[in-house]
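Quick note, in full-length UniProt numbering, the sequence shown goes up one by one and the last residue is 366. All C-beta atoms in this analysis are idealised placements derived from N, C-alpha and C, irrespective of residue type, glycine included. All of these numbers come straight from a predicted model, not from anything done at the bench.
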Amino acid sequence: MANTSTDAAFVEFERVQKSYDGVSLVVKDLNLSMPRGEFLTMLGPSGSGKTTCLMMLAGFETATHGDIRLGGTSINNIPPHKRGIGMVFQNYALFPHMTVAENLAFPLEVRKIGKSDREEKIHRALGMVQMNDFAGRRPTQLSGGQQQRIALERALVFEPELVLMDEPLGALDKQLRETLQFEITNLAHELGITVVYVTHDQTEALTMSDRVAVFENGRIQQLAPPDQLYEKPENSFVAQFIGENNTLMGEIKEITNGTAVVQLDGGDLIDAVPVNVTEVGERTRVSIRPERVEMNKERLMPGARTLKAEVLEFIYMGDIFRTRLRVAGTDDFVIKTRNAPDQERLTPGTQIEIGWLPEDCRALDA
Ligand SMILES: Nc1ncnc2c1ncn2[C@@H]1O[C@H](COP(=O)(O)OP(=O)(O)O)[C@@H](O)[C@H]1O
Ligand SMILES: [Mg+2]
């Protein structure tokens, strides 16, 4: 590719729409801009359009409207073999009749890379995943994790500038998944490649990515670094999709200087950050993370509003305690506390008061 500058957007979606049947849009007005070297994850429920976006980027599907650019050039004008894109899928997709070495040689042969060069690249690729001893085996003689390591190296061996991965760890057990998550991010950073990664697993998205695009129904609901996505969700969908959340329904009573007073349906008043609510009288869903709820009044701001709560259930989880409360008419309000030596273990039936810092409570769309 001609453009090798690092500052310009490397991958760009501009107002992209996609319809398979000419009637309904499965991708709606999608805009996205990625710099070189970024690890970006598309996260969202099944059917939200993630794979479709990846396929359009790879060139296996065409956009119905809009433009997709790679290194500043519209993707339609770049022949597939010159796109420099590596791909990894969930089901390994290794060639079963070829050995590991032959699988890795394939993308190099397609690109007319000479034999000695090829052997050196294959050797290095196998070394990166500690699999040099497996060069002569066939895929059926490998475990799932080993197959996926080879699939990964097959996508990397020709040194692509961009690698697309569609739920590559979905078929593996939890422990292996976590090991490979770590290996993939390390490899990506070591090689300086740009990655678009697709998953429906939010933990995977949060731990691996520079930025995460949360998909819902063909749209990106929020695109942000993991900490921002978790701590500052911009709407109810993102707040509920990422991590655990307490939600309370109410109505905006007042908005002044970046603070909203919300009257909960049970009648109590609380302070919240108005995120995507603008008017007095508007319905809102407020959201508070379980670990940001405070039971110790001394740690709240002077004059902070509190709510009465009744302990319904105490669950000992080892590192943390999970306590379920009845608050403002709901029975599923959860708080998480660290298992510290001085941390109280609450018994059901106990009446307590809870509060939080106003900035941890977000007034979102109802
Ligand atoms: N080849 C296809 N033909 C028709 N509809 C498709 C095709 N591929 C995907 N879809 C539809 O497009 C929507 C988005 O699918 P997809 O991009 O696979 O979502 P995700 O990867 O987020 O699960 C779904 O409603 C799906 O049924
Ligand atoms: Mg998919």
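Is it the case that the CB of residue i approaches a heavy atom of ligand 1 more closely than 7 angstroms?
i	result
residue 50	yes
residue 74	no
residue 47	yes
residue 215	yes
residue 281	no
residue 20	yes
residue 44	yes
Residue range of the beta strand (DSSP E) that residue i falls in?
i	result
residue 164	162 to 166
residue 263	259 to 264
residue 20	It is not in any beta strand (DSSP E) - residue 20 carries neither H nor E in the DSSP assignment.
residue 226	From DSSP, residue 226 is part of no beta strand (DSSP E) but of the alpha helix (DSSP H) over 226 to 231.
residue 351	351 to 354
residue 65	65 to 70
residue 362	361 to 365
residue 254	246 to 256
residue 43	39 to 43
residue 8	Where residue 8 is concerned, there is no enclosing beta strand (DSSP E), given that its DSSP letter is neither H nor E.
In angstroms with no decimal places, state the Cα-to-Cα distance between residue i and residue j.
i	j	result
residue 105	residue 119	8 angstroms
residue 91	residue 237	30 angstroms
residue 191	residue 140	29 angstroms
residue 129	residue 45	31 angstroms
residue 309	residue 282	26 angstroms
residue 138	residue 32	39 angstroms
residue 328	residue 269	10 angstroms
residue 77	residue 67	11 angstroms
residue 96	residue 224	39 angstroms
residue 3	residue 161	The predicted position of residue 3 is uncertain, since its pLDDT is 45 and thus under 50; no value can be drawn from it.
residue 6	residue 38	Interpretation of residue 6 is limited by its pLDDT of 48, a score under 50 that renders its predicted location unreliable; no figure is taken from the coordinates.
residue 142	residue 182	20 angstroms
residue 324	residue 102	56 angstroms
residue 9	residue 275	29 angstroms
residue 1	residue 158	Confidence at residue 1 is low in this model, with a pLDDT of 43, below 50, so its placement is unreliable and the value that follows should be read with caution. Distance between the alpha carbons of residue 1 and residue 158 is about 14 angstroms.
residue 361	residue 300	13 angstroms
residue 287	residue 232	10 angstroms
residue 107	residue 187	19 angstroms
residue 85	residue 316	47 angstroms
residue 249	residue 189	43 angstroms
residue 42	residue 202	10 angstroms
residue 271	residue 71	46 angstroms
residue 208	residue 185	6 angstroms
residue 178	residue 359	32 angstroms
residue 28	residue 311	45 angstroms
residue 266	residue 332	15 angstroms
residue 227	residue 348	33 angstroms
residue 293	residue 263	18 angstroms
Please list, in chain order, all residues of the same chain as residue i whose beta carbon is under 8 angstroms from its beta carbon, the five residues on each side excluded.
i	result
residue 216	44, 45, 48, 237 and 241
residue 123	132
residue 136	99, 100 and 101
residue 334	244, 246, 290, 322, 323, 324 and 325
residue 61	18, 52 and 55
residue 258	273 and 274
residue 15	29, 30, 31, 65, 66 and 67
residue 93	151
Go through its chain and collect everything with a Cβ distance to residue i's Cβ below 7 angstroms, but skip five positions before and after it.
i	result
residue 54	164, 166, 196 and 198
residue 291	336
residue 34	9, 10, 11, 40 and 194
residue 305	269, 270, 271 and 355
residue 302	none
residue 338	320
Please list the terminal residues of the continuous alpha helix (DSSP H) segment that includes residue i.
i	result
residue 87	That residue, residue 87, is in no alpha helix (DSSP H); its beta strand (DSSP E) goes 85 to 88.
residue 202	202 to 208
residue 50	50 to 58
residue 26	Premise fails: residue 26 is in no alpha helix (DSSP H) and is neither H nor E.
residue 239	236 to 241
For a test of your reading of the model: does the CB of residue i fall under 7 angstroms from any non-hydrogen atom of ligand 2? Yes or no.
i	result
residue 27	no
residue 166	yes
residue 212	no
residue 198	yes
What does a CB cutoff of less than 6 angstroms around residue i pick up in its chain, not counting 5 residues either side in sequence?
i	result
residue 88	151, 152, 155, 165 and 168
Starting from the N-terminal side, write out each stretch of the beta strand (DSSP E) that is 3 residues or longer and does not extend beyond the stretch 274 to 333.
283 to 288, 307 to 316 and 320 to 327
Whole alpha helix (DSSP H) runs in the stretch 129 to 188 with 4 or more residues, listed along the chain?
144 to 156
Which ranges would you report for the alpha helix (DSSP H) in the stretch 89 to 117 if only whole runs of at least 4 residues count?
100 to 110
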